[in-house]
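Here's the structure, in structure tokens; my notes come after.
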Amino acid sequence: MSGRRPDPAAGMGDLEAALTREACPVCTRAAGADERWLDHFLYEGWQEREPMREVARGAGFCAHHARRLETIGQSATVALIHLALIRDVLPRLAGRHGRGKPAPLVAAPDACEACAQARDVERRECFFLALLIGARRPDCYGNPALVCMPHLKQLAGYLDAGTIAGVLAIHGRTVAALGETLAGAPAPACAETPADRAIRVILGPPERRDLLAPERHGAPFGDDPDPVRRMRRRLRHMDSCAICAEISDSCGAWLGWLARAAAAQGDLSDVLPLCRHHVWQARVAGGAILAPALAAVVVGEAEERLVYAGKARELGRGAAIVPPAVQRAWSSMWPSSGSRIAVLDSLQRGRECPLCRRAREAGERAVLLLAALLEDTDGRRAFEGGYGLCVRHAAQALALPGAPAVAAIVASTMHARLALLRWELEEQLRRGAWQARPAGRGAEAGAWLRAPSRFAGTVRVDGP
Ligand SMILES: [Zn+2]
Ligand SMILES: [Zn+2]
Ligand SMILES: [Zn+2]
Ligand SMILES: [Zn+2]
3 MSGRRPDPAA
13 GMGDLEAALT
23 REACPVCTRA
33 AGADERWLDH
43 FLYEGWQERE
53 PMREVARGAG
63 FCAHHARRLE
73 TIGQSATVAL
83 IHLALIRDVL
93 PRLAGRHGRG
103 KPAPLVAAPD
113 ACEACAQARD
123 VERRECFFLA
133 LLIGARRPDC
143 YGNPALVCMP
153 HLKQLAGYLD
163 AGTIAGVLAI
173 HGRTVAALGE
183 TLAGAPAPAC
193 AETPADRAIR
203 VILGPPERRD
213 LLAPERHGAP
223 FGDDPDPVRR
233 MRRRLRHMDS
243 CAICAEISDS
253 CGAWLGWLAR
263 AAAAQGDLSD
273 VLPLCRHHVW
283 QARVAGGAIL
293 APALAAVVVG
303 EAEERLVYAG
313 KARELGRGAA
323 IVPPAVQRAW
333 SSMWPSSGSR
343 IAVLDSLQRG
353 RECPLCRRAR
363 EAGERAVLLL
373 AALLEDTDGR
383 RAFEGGYGLC
393 VRHAAQALAL
403 PGAPAVAAIV
413 ASTMHARLAL
423 LRWELEEQLR
433 RGAWQARPAG
443 RGAEAGAWLR
453 APSRFAGTVR
463 VDGP
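Here the sequence shown is numbered in my numbering, starting from 3 and rising by one per residue.
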């Protein structure tokens, strides 16, 4: 045996190689993890109890992954998965007349297991990257690869207090240099404009869904300027969730306004999006003319976060959410951990993305409008005769405080729609069986295509 300590970074050659390229190594290495998990889930994972329970907790997937289910295919598997979800949800819609507070319709309304699996992979990559930086010291980092700001928050959680300082300094220098290229300093020769490069380095590359910018395609009746009449018509005539349509409209209008305002050269910094998905969507909607303004806001926000994190580290405090007793306990076990907690806390903070806020508020306002419309006969008829809602927004409407009459109408309509969908899915499976081939196929053959969006809706409200 030699007396040398084993290299803690042994076996991390791939990760080390990723550090020699410019892109965020965590984004690169975690890309497609959600798709791989989804493929596996459709292949066999759905038959196992644990993953299926997690999917049921969130009542299916987010709108993005629900749409992926539709494109991947596997009609019978998708039908069986949604039959299980309907079986899970129906009793909670039916049993709302008992005493006491009814159970929420969806246990974890913001959860999507495919998204959660991708985040797990990202966390794991951050953990190994921290191990590598610890073993090689910070000079292996930033030559040229850096993690994007969303992943820096996670990476910092695995770094010790001494290493954080070096890593923050590298990020500070890079962000400042990106800011200078925006102001006209020479940028490295590459296919990207300085604005696109700044956005990509700081927020990470766009995902496929960002480049589609689905919110730009208007939902039916979007041109009706009267919001009450629009909502009533949508409830009656649309074959998808009207609240989702209101959110789409609202985000689409915001992006459209930004694209027009960019040409007028006003100061847009307080209304430009900040989270990765919305920044890239705005980049697509606004074109090259909006890109410099977007990049400037992204650079400014990152600079501010890094300055605060640096100050928090120096002061070793500022973590108002961590009680002093906890800080003292931590510091006694791990010297200088007080500053570490303060750094993590200040990296987590920051201004909320205006477009995320807009989407959330549009959804809340639409649920309140629905509740008001259900108070009169005309509105109630429109709702009861129409599509109903996606399960996510039904859960939101059922949770409205002090509105038992609204909850009763929403619950009975949703119960009826899901019972019908269950019958159609069963019929699809029955007629799809080989020995049933003389029976021919009808509209029920497409039931599996309607099921994912019945649960997830059609818009995804993305946070950072
Ligand atoms: Zn990243
Ligand atoms: Zn998802
Ligand atoms: Zn919806
Ligand atoms: Zn956003």
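Where a beta carbon is used, it is the ideal one built from N, C-alpha and C, also for glycine.
Keep in mind it's a predicted model, so treat the numbers as computed, not measured.
Q | Cβ shell of residue 63 (< 6 Å), same chain only, five flanking positions each side left out | A | 114, 116 and 458
**Q.** Sequence-distant residues of its chain with Cβ nearer than 6 Å to residue 15 (five each side left out)
**A.** none
Q | Anticipated Cβ contact below 8 Å, residue 17 with residue 130, distance rounded | A | 6 Å
(Q) Quick test of your reading: residue 165 and residue 136, contact by CB under 8 Å. State the CB separation rounded to the nearest angstrom. (A) 6 Å
Q. How many angstroms separate the CA atom of residue 254 from the CA atom of residue 303?
A. 24 Å
Q. What is the rounded straight-line gap between the Cα of residue 169 and the Cα of residue 147?
A. 12 Å
Q: With hydrogens ignored, establish whether the beta-carbon of residue 457 is closer than 7 Å to any heavy atom of ligand 5.
A: Annotation note on ligand 5: not contained in the displayed structure, which lists ligand 1, ligand 2, ligand 3 and ligand 4 as its ligands.
Q.
Would you say the beta carbon of residue 383 is closer than 7 Å to some non-hydrogen atom of ligand 3?
A. no
Q) If we ignore side chains and look at the alpha-carbon of each, how far apart do residue 24 and residue 361 end up? A) 33 Å
Q | Beta carbon of residue 112 nearer than 8 Å to that of residue 67 | A | no
Q: With distances taken Cα to Cα, identify the nearest neighbour of residue 462 among 296, 440 and 283.
A: 283
Q) Apart from the five residues just before and just after residue 216, which ones in its own chain have a Cβ nearer than 6 Å to its Cβ? A) Because the pLDDT at residue 216 is just 49, under 50, the model does not fix this residue reliably, and the value given afterwards should be weighed accordingly. Cβ within range, chain order: n/a, list empty.
Q. So, residue 245 versus residue 264, is the Cβ gap smaller than 8 Å?
A. no
Q: Report buried or exposed for residue 425, applying the criterion of at least 16 other Cβ atoms within 10 angstroms of its Cβ.
A: exposed
Q | Environment of residue 196 [buried if 16+ CB atoms lie within 10 Å] | A | buried
Q. Is it the case that the CB of residue 391 approaches a heavy atom of ligand 3 more closely than 7 Å?
A. yes
Q) Between residue 43 and ligand 2, is the CB less than 7 Å from at least one heavy atom? A) no
Q.
Using C-beta distances below 6 Å, list every residue in its chain close to residue 398, excluding the 5 sequence neighbours before and after it, in chain order.
A. 369
Q) By the 10 Å Cβ neighbour count, where 16 or more other Cβ atoms means buried, how is residue 22 classified, buried or exposed? A) exposed
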